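Asks: Which chain is which? The protein sequence lines are A and B, in order.
Under my numbering, the first residue of the first sequence is numbered 1, with each subsequent residue one higher.
Under my numbering, the first residue of the second sequence is numbered 1, with each subsequent residue one higher.
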Amino acid sequence: MKNLKQHIINTEESVITITGLYKSFDDLQVLKGIDFNLFKGENIAVLGKSGTGKSVLIKIIVGLLKPDHGEVLVLGKHVDQLKTKELDALRLRIGFSFQNSALYDSMNVFQNLAFPLTMNIKNLSKGEVKDAVEEVLESVGLKDKLKQMPSDLSGGQRKRIGIARTLILKPEIMLYDEPTSGLDPVTSAEINELINEVQQEYNTSSVIITHDLTCAKNTGNRIALMFDGKFLKVGTFAEVFDTDDEQVKGFFNYNFIQ
Amino acid sequence: MINYKTRKYTISKGLDDYFTGIHKAYIFTALFFKEAFKRPFHLREVINQCFEVGLKSLALISLTGFIVGIVFTKQSRPSLEDFGATSWLPSLIGIAIIKALGPLVTALICAGKVGSSIGAELGSMRVTEQIDAMEVSAINPFKYLVVTRVMATTIAIPVLALYCSFVALYGSYINVHAEETVSIISFYQNAFKTINFLDITTAVFKTIVYGFTIGIVGCYKGYNATQGTRGVGKAANQAVVLAMFLIFVEEVMIVQVSNWMRYF
Ligand SMILES: Nc1ncnc2c1ncn2[C@@H]1O[C@H](COP(=O)(O)OP(=O)(O)O)[C@@H](O)[C@H]1O
Ligand SMILES: [Mg+2]
Numbered sequence: 001m002k003n004l005k006q007h008i009i010n011t012e013e014s015v016i017t018i019t020g021l022y023k024s025f026d027d028l029q030v031l032k033g034i035d036f037n038l039f040k041g042e043n044i045a046v047l048g049k050s051g052t053g054k055s056v057l058i059k060i061i062v063g064l065l066k067p068d069h070g071e072v073l074v075l076g077k078h079v080d081q082l083k084t085k086e087l088d089a090l091r092l093r094i095g096f097s098f099q100n101s102a103l104y105d106s107m108n109v110f111q112n113l114a115f116p117l118t119m120n121i122k123n124l125s126k127g128e129v130k131d132a133v134e135e136v137l138e139s140v141g142l143k144d145k146l147k148q149m150p151s152d153l154s155g156g157q158r159k160r161i162g163i164a165r166t167l168i169l170k171p172e173i174m175l176y177d178e179p180t181s182g183l184d185p186v187t188s189a190e191i192n193e194l195i196n197e198v199q200q201e202y203n204t205s206s207v208i209i210t211h212d213l214t215c216a217k218n219t220g221n222r223i224a225l226m227f228d229g230k231f232l233k234v235g236t237f238a239e240v241f242d243t244d245d246e247q248v249k250g251f252f253n254y255n256f257i258q
Numbered sequence: 001m002i003n004y005k006t007r008k009y010t011i012s013k014g015l016d017d018y019f020t021g022i023h024k025a026y027i028f029t030a031l032f033f034k035e036a037f038k039r040p041f042h043l044r045e046v047i048n049q050c051f052e053v054g055l056k057s058l059a060l061i062s063l064t065g066f067i068v069g070i071v072f073t074k075q076s077r078p079s080l081e082d083f084g085a086t087s088w089l090p091s092l093i094g095i096a097i098i099k100a101l102g103p104l105v106t107a108l109i110c111a112g113k114v115g116s117s118i119g120a121e122l123g124s125m126r127v128t129e130q131i132d133a134m135e136v137s138a139i140n141p142f143k144y145l146v147v148t149r150v151m152a153t154t155i156a157i158p159v160l161a162l163y164c165s166f167v168a169l170y171g172s173y174i175n176v177h178a179e180e181t182v183s184i185i186s187f188y189q190n191a192f193k194t195i196n197f198l199d200i201t202t203a204v205f206k207t208i209v210y211g212f213t214i215g216i217v218g219c220y221k222g223y224n225a226t227q228g229t230r231g232v233g234k235a236a237n238q239a240v241v242l243a244m245f246l247i248f249v250e251e252v253m254i255v256q257v258s259n260w261m262r263y264f
């Protein structure tokens, strides 16, 4: 399977290019010079302990936060310089899976999934909406949960519905914020599997934010190790962790002793 | 290391926060007027929210209105009896309820029930990132959540206030009817006898202002909630306190202005 994945990655074409990215909140410096490339079809796992600014990084990619300094090119567009309309058009091509799923808790599963679709594409028939919802539910393996409220779902199911909700707009880029946090190992493994399936089925390029080594190893074609607002190392899992660097080894040991 | 952003307080932290807070609230309100007249209008959501507002407060408003009517009549009767002027009771009640009590009671109840629930709802949507989720799906959360709710309170609360006045007058009628023989029709006729067009316009205008205030304050506090679940409670609480404060200030100002207009 890993081999299959290597084939679809196109290292000629970058979908996200970030250079010299800085971001701070008041006195707190969070990002201190991030540079990286996400190739078309690639999954990159950004690994780092909590509070290093991983979420801030993907929120900048999708335009929820503005960079202080640096260049953020997503699908060829400078995210921080777009007008509202252009930004919305770009966002339709990006899926964002939130750390706590962020399902609309006043709506049931069907309404959650249909909402982004009906709000963005006018004049869809009821049948078309239903088909699209069922298709993404099928992709995440939760076809029977149509009428449930988010509060009645388990953590893993909420994550899946959250992912389904972004898939319904057929994104080219997926951004996952801690997809396995708060889940048991078995459910985590299922989510990792799902992330890989999404990459294959929907032909997406993804950034997977995580502090979970297993998740990074199983979903990332490349791994970016983030430390104190910077990328310490970027490469395959072996390249990153085959090292004598104390900080890197510390992170590795910490994760596996736990 | 280069620090790209250093910031110092202009006066002091407290005063800076106070003035930037006012500025933020102003920007928020201005954004409402900018977005309210642009497509898409989300009419169905506005109607939904109107029902929400109505259903949430209808029972309490009915009860309170009714009791205010009865109690106010009971309390006023002895004073008028001293002058042998109990026949003025309906007019007095009419003025008190239609011009002052109906709108004010409704506004305060809605500030408590509707304002706090808007603050809590949007606050929890903010801290659980549901608002961000809308934004990244290219849906304008300000339009979908804020504009619809403010529209709904601005439409529904005047209607509720009108309803409250009628219920209060009915409560009053029951008390009056127990003591004197008067038909409900002539009671309402008497109640409205001293009310002129300016009074009605002022009362309706007042409730529109209150409705807008309750909606925009609840949305503002909820939409800008921070600090996780604690922030949700804070948003709901502050929404009520601030809305009630503003309602009293507006009441005084509107009464003053409408009294000036009376002499033109
Ligand atoms: N909107 C914000 N305002 C102020 N500080 C923030 C904001 N978002 C994140 N931070 C701070 O930035 C730092 C990094 O946050 P985050 O990116 O969420 O970390 P993580 O790597 O765990 O995802 C934290 O110290 C956090 O407090
Ligand atoms: Mg995070």
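Glycine included, every Cβ here is placed at the ideal spot set by N, Cα and C.
Computed from a predicted structure; not experimentally measured.
Determine the burial state of B/I139: buried for a count of at least 16 other Cβ atoms within 10 Å of its Cβ, exposed for fewer.
Replies: Buried is the call here.
Asks: Tell me which residues share the same chain as B/F187 and place their Cβ nearer than 7 Å to its Cβ, disregarding the 5 neighbours each side in the sequence.
Replies: Contacts found: P90, Y173, V176.
Asks: Does any residue of chain A bring its CB to less than 8 Å from the CB of B/T73?
Replies: Not closer than 8 Å to any Cβ of chain A, the Cβ of B/T73 fails to qualify, so no.
Asks: If we require 4 or more residues per run, which alpha helix (DSSP H) segments fall completely within the region 67-93 of chain A?
Replies: The qualifying runs are 84-91.
Asks: Would you verify that the beta carbon of A/A164 is, or is not, closer than 8 Å to some beta carbon of chain C?
Replies: In the structure shown, chain C does not exist; the protein chains are A and B.
Asks: Does A/A102 have its Cβ less than 8 Å from a Cβ in chain B?
Replies: With 8 Å as the cut-off, A/A102 counts as an interface residue toward chain B.
Asks: Check whether the Cβ atoms of A/I209 and A/S55 lie closer than 8 Å to each other.
Replies: Yes, these two residues count as a Cβ contact at 8 Å.
Asks: Sorry if obvious, but does the Cβ on A/K54 come closer than 7 Å to a heavy atom of ligand 2?
Replies: Yes - ligand 2 has a heavy atom lying nearer than 7 Å to the Cβ of A/K54.
Asks: Would you mind giving the Cβ-Cβ distance between B/G115 and B/V240, rounded to the nearest angstrom? I have them listed as a contact below 8 Å.
Replies: Contact holds; Cβ gap of about 5 Å.
Asks: Beta carbon of A/S97: closer than 7 Å to some heavy atom of ligand 2?
Replies: The answer is no for A/S97.
Asks: Kindly indicate if chain A contains any beta-carbon less than 8 Å away from that of B/I139.
Replies: It does; some Cβ of chain A falls within 8 Å.
Asks: For B/R230, which of helix, strand or coil comes out of DSSP?
Replies: If DSSP states are grouped into helix, strand and coil, B/R230 belongs with the helices.
Asks: I'd like the span of the beta strand (DSSP E) that includes A/R222, first residue to last.
Replies: Looking at the DSSP string, the run of the beta strand (DSSP E) that includes A/R222 is 222-227.
Asks: Whose C-beta lies closer than 8 Å to the C-beta of A/H7 among residues of the same chain, with five residues either side of it excluded?
Replies: Note on A/H7: pLDDT 49, under 50, position unreliable in the model; no value is reported.
Asks: Go ahead and label B/P78 buried or exposed: buried means 16 or more other beta carbons lie within 10 angstroms of its beta carbon, across all protein chains shown.
Replies: It counts as exposed.
Asks: Does the Cβ-Cβ distance between A/P150 and A/N100 come in under 8 Å?
Replies: Cβ atoms of A/P150 and A/N100: not closer than 8 Å.
Asks: Between which two residues does the alpha helix (DSSP H) containing B/T29 stretch?
Replies: Start and end: 13-36.
Asks: Looking at the structure shown, is B/N3 part of a helix, part of a strand, or coil, going by DSSP?
Replies: Bear in mind that the predicted position of B/N3 carries a pLDDT of just 48, short of 50, making it unreliable; the figure below should be weighed with that in mind. Note: B/N3 maps to coil in three-state DSSP.
Asks: Span of the alpha helix (DSSP H) holding A/S55?
Replies: Residues 54-61.
Asks: Comparing the C-beta of B/E135 with each C-beta of chain A, is any distance below 8 Å?
Replies: Yes, because at least one Cβ of chain A sits closer than 8 Å to the Cβ of B/E135.
Asks: Compare the Cα-Cα distances from A/I58 to each of A/T84, A/Q81, A/L31, A/G41 and report the closest residue.
Replies: Taking only the C-alpha atoms, the option nearest A/I58 is A/L31.
Asks: Would B/N259 be called buried (16 or more neighbouring beta carbons within 10 Å of its own) or exposed?
Replies: Classification for B/N259: exposed.
Asks: Would you please verify whether the beta carbon of A/D144 is less than 8 Å from any beta carbon of chain B?
Replies: No, no contact with chain B.
Asks: Excluding sequence positions up to five away, which residues of its chain have a Cβ less than 8 Å from the Cβ of A/A164?
Replies: Within the same chain, A/A164 has close Cβ partners L113, V136, L137, S139, V140, L142.
Asks: Compute the distance between the beta-carbons of B/V53 and B/A168, then report whether it is under 8 Å.
Replies: No, the pair does not count as a contact, with Cβ atoms beyond the cut-off.
Asks: From the DSSP secondary-structure annotation, give me the bridge partner or partners of A/A45.
Replies: Note: A/A45 sits in a beta bridge opposite A/I208, A/I223.
Asks: Under 8 Å between beta-carbons, which chain A residues line up against B/T265? List them in chain order, please.
Replies: Residue numbering for chain B in the displayed model covers 1 to 264; residue 265 of chain B lies beyond these limits and cannot be assessed.
Asks: Could you have a look at A/N218 and say whether DSSP puts it in helix, strand or coil?
Replies: Three-state result, A/N218: helix.
Asks: Would you say A/S50 touches ligand 1, meaning its beta carbon is less than 7 Å from a heavy atom?
Replies: The answer is yes for A/S50.
Asks: If you count every other CB in all the chains shown that lies within 10 Å of the CB of A/N3, and 16 or more means buried, which is it?
Replies: With a pLDDT of 46 at A/N3, under the threshold of 50, the modelled position of that residue is not reliable, and no figure is offered here.
Asks: Is any heavy atom in ligand 2 found nearer than 7 Å to the beta carbon of A/D284?
Replies: Outside the modelled stretch of chain A, which goes from 1 to 258, sits residue 284 of chain A, for which no answer is possible.
Asks: Would you tell me roughly how many angstroms separate the C-alpha atoms of B/N48 and A/G33, rounded to the nearest one?
Replies: Cα to Cα, the separation comes out at about 47 Å.
Asks: Compare the beta carbon distance of B/A120 and B/A235 with 8 Å and say whether it is the shorter of the two.
Replies: Result yes, Cβ atoms of B/A120 and B/A235 sit closer than 8 Å.
Asks: Answer with yes or no whether the minimum CB distance from A/F98 to chain B is below 8 Å.
Replies: So, interface residue.
Asks: Any C-beta of chain B within less than 7 Å: which residues of the region 109-120 of chain A qualify?
Replies: If the cut-off is 7 Å between Cβ atoms, the region 109-120 of chain A has P116, M119, N120 near chain B.
Asks: Between A/I94 and A/V62, which are expected to be in contact by the criterion C-beta below 8 Å, what is the C-beta distance as a whole number of angstroms?
Replies: Sure, about 6 Å apart at Cβ, within 8 Å.
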